[in-house]
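Residue numbers (our numbering), protein chains in the order written: chain A, 11 to 366; chain B, 11 to 366; chain C, 11 to 366.
Heads up, the thing below is written out as structure tokens.
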Amino acid sequence: MSEQEKKKFWTLSELAAEVQGELEGDGAVRVSGVASLQEAAEGEITFLANPKYQSSLKKTRASAVILSPGIPVKIPAIRSRNPYLAFAKVATLVGKIPYKSLGVSPDLVQDEGCRLGRDLSIHPKVVLGRDVRIGDRVTLYPGVVIGDHSVVEEDALLYSSVQVREGVRIGKRVIIHCGAVIGSDGFGFAPDGERYFKIPQLGGVRIEDDVEIGANTTIDRGALGDTVIGKGTKIDNLVHIAHNVVIGENCILAAQVGFAGSTVIGDHVTMAGQVGVAGHLKVGDHVTIGGRSGITKDIPPGRTVSGFPAIDHRDWLKAAGSFGHLPSIRKTLNQLQDRVDRLYQLLSGGKEDDGD
Amino acid sequence: MSEQEKKKFWTLSELAAEVQGELEGDGAVRVSGVASLQEAAEGEITFLANPKYQSSLKKTRASAVILSPGIPVKIPAIRSRNPYLAFAKVATLVGKIPYKSLGVSPDLVQDEGCRLGRDLSIHPKVVLGRDVRIGDRVTLYPGVVIGDHSVVEEDALLYSSVQVREGVRIGKRVIIHCGAVIGSDGFGFAPDGERYFKIPQLGGVRIEDDVEIGANTTIDRGALGDTVIGKGTKIDNLVHIAHNVVIGENCILAAQVGFAGSTVIGDHVTMAGQVGVAGHLKVGDHVTIGGRSGITKDIPPGRTVSGFPAIDHRDWLKAAGSFGHLPSIRKTLNQLQDRVDRLYQLLSGGKEDDGD
Amino acid sequence: MSEQEKKKFWTLSELAAEVQGELEGDGAVRVSGVASLQEAAEGEITFLANPKYQSSLKKTRASAVILSPGIPVKIPAIRSRNPYLAFAKVATLVGKIPYKSLGVSPDLVQDEGCRLGRDLSIHPKVVLGRDVRIGDRVTLYPGVVIGDHSVVEEDALLYSSVQVREGVRIGKRVIIHCGAVIGSDGFGFAPDGERYFKIPQLGGVRIEDDVEIGANTTIDRGALGDTVIGKGTKIDNLVHIAHNVVIGENCILAAQVGFAGSTVIGDHVTMAGQVGVAGHLKVGDHVTIGGRSGITKDIPPGRTVSGFPAIDHRDWLKAAGSFGHLPSIRKTLNQLQDRVDRLYQLLSGGKEDDGD
């Protein structure tokens, strides 16, 4: 990957092969960036996902376009059944802007023992603690702070004001958005009946390769042992991940989701926004959780659940649709009781057998 | 407005006219600040909203006061039926502290091509990217970072550690509180069945005039096209606004609200805290949404809704009030089934017609 | 406490006495740090909470261990019925790393009138406003900003990028995690029917001694008067506390909880994650609130509540367990109506008395 990212350009035929698309027109066209139809310039590739933007296609200055079969086009193109995915793959290869080292700002503050890789882009006002290791081609925007003994591996990108505490490992090609906090203390206190005593949080955080973490998200360090975010998992903004949570690979966690401590999430789990997950649970592989759900029990693999407590998603849809009928249910039930009372009166002068 | 903000003081009669209040006492009194009853000094105006603080009124050192008709007062005053609104308007005119340029800190870092307005207040440790434009009388507190090609228009105020990415436009008199992030990447990934590929987020963010944005709130940039916050809208802390959301004018969004992508919100919409809104929806003008609601469908203009899924607010109140009765409803229903079974037995030896 | 924190080491017998544990082995062993079983070195004390880690106990290089009675051990030990609490107390005494002043970074920016205590640890890229007072042994990590007239009392610890606005008081031994914002403007606007006018937020924030505040949490300043966090209260990440909220002493507020303005919370209140509390309410002492609850009414002391609106926790558990049965309740109710209709028909030719 890093070899690829050092390429100055791709040819359209190389890209077509990478995304298994069909080349149309000049395969020797050089592509060094991606952009929208309106904003693309020469040397950039664009895409048409929505046929209603066909008119923009005629005016684009892009050198090539990715689009579905059947839409007429005059510039070189890659045809794909899934132009959205093909564009995402191309963008991953080409980079939004091809990586170019900006060097290391002369105002970098680093404590003893730091080891810096090559071809870095370290912006002004960055602070590194003691024994920090920064891999090749890492980008650190202004205000990034990295704590003692932490590691940022090659090709990682930390936007402005990302705060990384000590003893954190950030994998290759990880992207962390502005203001996210990695390695804050877990929330652990032992009560003596009156006061709370802080449990030292002695573990770390391990962010595996290709993870993306949203703006102002917080990931706490483990109490003992690490909090772990698995390879390829994507986390949105304002998510809270407590100490010793272990998230699997290739999960999607939407904004404002929260996890209590020590919960273990499988691979390929998808959670919509504002879900809450209690502590010490297991959520299996390929589970999908609907928005605003509250998870209070283990969820077996492959399930789709919603609600609080969460139940099967289709059952929840039906139950939620009935919720507004609760007042009329109560009223009908009361009426029915009266009618049955009267039936007993009619039948037996008010006497009822003692069956209940 | 900016002309007004350059005024050194207002006379009480000018202020009374601006807020359509009734002047009482010396209209030539000079007002250059606002403060609480307890803290106001000479030259400042205060207000009495709650009659129980009348005793503080006697002791205040303020030069004038805003209050309801009928409450006795010895200092110059503006009488208003809505003293809260009148005070807010006066505060908007006078400013909490009248704006005074503090100049530009000598440690300002700016990349090539920045254009800075006049009468600025740029505190230490601010970083501007390439081609940034800063309007007149803008205040940037420490740790503010503004990305390439972004614009901050006149009289805007960005508190410490606000992070603005590239290609963002911030309108006149906008206030952004500490730690807010504007222009982080939208959360867009295309799955290939195994991994997720990042969709480049090529749009920007447009914050219109007179918007206020709370602490640690995050507003993502558009995928293509802009995320937009309409003129005069006020957003509280820890709110999440996804890519390509369009919020109308003069909306109120309370804390911890979250929006998924591409949803369009009308003008004069009010949302209480912790509401979640799904993606690709339309919420009409003058809609009010109760706290903790989950919006999964379009909401027509003028409605007041609550719950998840949201229903008419009054219906939700009744249904929510019945929720605790669910176990007794089930029990009653079971008993009633038994009683009806016994009635059938009594009547027909247990045989029931096959109607159901 | 500060005297204790200046100690270079504790003897094991001193620590056993402090935590009312039973000393086993050499009480003269010197302890100057705490660590996990795996990571502890000579001079450090560790603990065994979970018997399944007994094998690690044999290999630890710690000088002493805290554990339950009955587990065999060869190194000096403190026996305690509650080793978790004993460890927390020991850690509070000994410190994760004994406090050592790192001095004041030469790049500290301070405005006029600041008063700095002794034995400080002020990292690079910190900014202090006018008339700020910093107590002895305070630690400020990179990117901390403290506004005018604010006070940080002795032994407080502010992690990187904590933002403190003007007029905030932070008590002794307070810990604030990365990115938290203290003293942002409250969310107060007066509508005139069309626009919203900002109400100046003239109060401050008072954080009492021994409070801990999580990463990216936001605590707004009061409109008039202060927002208050009581002594010993612990607040997790991404919590929102609005203007003029008063939180009592020794409360536990889990992640993503939110409070609307002017609500008053008693002492020893515990709230699980993602709870929302409406404005102007009173929650009594020793109340416990289940996760994701919505509080819309005052809660008397000692209650345990859940749900939205919140009801008795056990009632809520039962009701929530019945929620998925709503569709079958409606179906059964309809069937029962039909059956009763038929009974009336059987009995009286379809005529029913007009009782309902």
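Backbone N, C-alpha and C fix where the C-beta goes; we use that ideal spot for every residue, glycine too.
A quick note: this is a predicted structure, and the numbers were derived from the prediction, not measured.
**Request:** Give me whichever residues DSSP pairs with GLY301 (chain C) in a beta bridge.
**Result:** DSSP output for GLY301 (chain C) lists no bridge partner at all.
**Request:** Name, please, each residue of chain E whose Cβ falls closer than 7 Å to the Cβ of ARG340 (chain B).
**Result:** Among the chains of the structure shown, chain E does not appear; the protein chains present are A, B and C.
**Request:** Assuming LEU248 (chain B) and HIS187 (chain C) form a contact by the criterion Cβ under 8 Å, report the distance between their Cβ atoms to the nearest whole angstrom.
**Result:** At roughly 15 Å, the Cβ-Cβ gap does not stay under 8 Å, so LEU248 (chain B) and HIS187 (chain C) are not in contact.
**Item:** Runs of beta strand (DSSP E) wholly within the segment 73-129 of chain A (minimum 3 residues, chain order)
**Value:** 74-77 and 87-89
**Item:** Chain-order list of residues whose beta-carbon lies under 7 Å from that of TYR169 (chain C) (same chain, five-residue window excluded)
**Value:** TYR151, ILE186, HIS187 and CYS188
**Message:** Going by the DSSP bridge assignment, what does HIS250 (chain C) pair with across the sheet?
**Reply:** C:THR228 and C:GLY268
**Prompt:** What span of residues does the beta strand (DSSP E) with GLU54 (chain B) cover, start to end?
**Reply:** 54-57
**Message:** Just checking: is the beta-carbon of ILE209 (chain B) within a distance shorter than 8 Å of some beta-carbon in chain A?
**Reply:** yes
**Request:** Output the boundary residues of the alpha helix (DSSP H) element that contains PRO337 (chain B).
**Result:** 336-358
**Message:** Give me, in chain order, the residues of the same chain whose beta-carbon lies closer than 6 Å to that of ARG216 (chain A); leave out the 5 immediate sequence neighbours on both sides.
**Reply:** ARG179, ASP236 and VAL238
**Request:** Under 8 Å by Cβ, that's how I've got ILE55 (chain A) and SER78 (chain A) pegged, so tell me the actual separation to the nearest angstrom.
**Result:** In fact, because the Cβ distance is near 15 Å, the residues do not count as touching under 8 Å.
**Asked** So which of A:THR243, A:TYR206 and A:LYS307 has the shortest CA-CA distance to ASP219 (chain A)?
**Response** A:THR243
**Given VAL274 (chain A) as reference, the closest of A:LEU263, A:ALA265, A:GLN266 and A:ILE257 once Cα atoms are compared** = A:ILE257
**Message:** With a threshold of 8 Å on Cβ separation, who are the neighbours of VAL315 (chain A) within its own chain once the five nearest residues in sequence on each side are excluded?
**Reply:** VAL297, THR298, ILE299, GLY300, SER303, ILE305, ILE309, ILE321, ASP322, HIS323 and TRP326
**Request:** Could you give the DSSP three-state label for LEU167 (chain B): helix, strand or coil?
**Result:** strand
**SER46 (chain C) vs LEU234 (chain A) beta-carbon contact at 8 Å** = yes
**Asked** How many Å lie between ILE245 (chain C) and VAL267 (chain B) at the Cα?
**Response** 20 Å
**Request:** For the alpha helix (DSSP H) holding LEU68 (chain B), just list the boundary residues, first then last.
**Result:** Note that residue 68 (chain B) is Lys in the sequence shown here, rather than Leu. Unbroken alpha helix (DSSP H) run through LYS68 (chain B): 64-69.
**Asked** Rounded to a whole number of angstroms, what is the C-alpha to C-alpha distance between GLY123 (chain B) and GLY113 (chain A)?
**Response** 20 Å
**Asked** Can you name the residues of chain B whose CB is closer than 7 Å to the CB of GLN173 (chain C)?
**Response** SER170, SER171, CYS188 and GLY189
**Message:** Please confirm whether PRO2 (chain B) has its beta-carbon closer than 8 Å to some beta-carbon of chain A.
**Reply:** Since the first residue shown for chain B is 11 and the last is 366, residue 2 (chain B) is missing from the structure and cannot be characterised.
**Message:** Quick check: the Cα distance between LYS328 (chain A) and ILE229 (chain C), rounded to an integer number of angstroms?
**Reply:** 39 Å
**Asked** Who are the near neighbours of ALA225 (chain A) in its chain, counting only those whose CB is closer than 7 Å to its CB and skipping five residues on each side?
**Response** HIS187, CYS188, GLY189, ALA190 and ASN247
**Asked** Would you call LYS84 (chain B) buried or exposed, if buried means 16 or more other Cβ atoms sit within 10 Å of its Cβ?
**Response** exposed
**Prompt:** Using the rule of at least 16 other Cβ atoms within 10 Å of the residue's Cβ for burial, across every protein chain shown, is PRO82 (chain C) buried or exposed?
**Reply:** exposed
**Asked** Is it true that the CB of ALA96 (chain C) sits closer than 8 Å to the CB of ILE76 (chain C)?
**Response** yes
**Under 8 Å from the C-beta of ALA264 (chain A): neighbouring residues of chain B** = PHE197 and ALA270
**Request:** State the start and end residues of the unbroken beta strand (DSSP E) segment that holds SER194 (chain B).
**Result:** 191-194
**Cα-Cα separation, GLY177 (chain A) to GLY271 (chain C)** = 38 Å
**Request:** Just the chain A side, please: which residues come within less than 9 Å of ILE321 (chain B) by C-beta, in chain order?
**Result:** PHE333 and GLY334
**Prompt:** From the DSSP output, which residues share a beta bridge with TYR151 (chain A)?
**Reply:** TYR151 (chain A) is not bridged to any residue.
**Asked** Which of the three DSSP states, helix, strand or coil, is assigned to PRO61 (chain C)?
**Response** helix
**Check whether GLY232 (chain C) and GLY203 (chain C) have beta carbons under 8 Å apart** = no
**Message:** Rounded to the nearest angstrom, what separates GLY312 (chain C) and THR280 (chain C) at their Cα positions?
**Reply:** 11 Å
**Three-state secondary structure assigned by DSSP to LYS182 (chain A)** = coil
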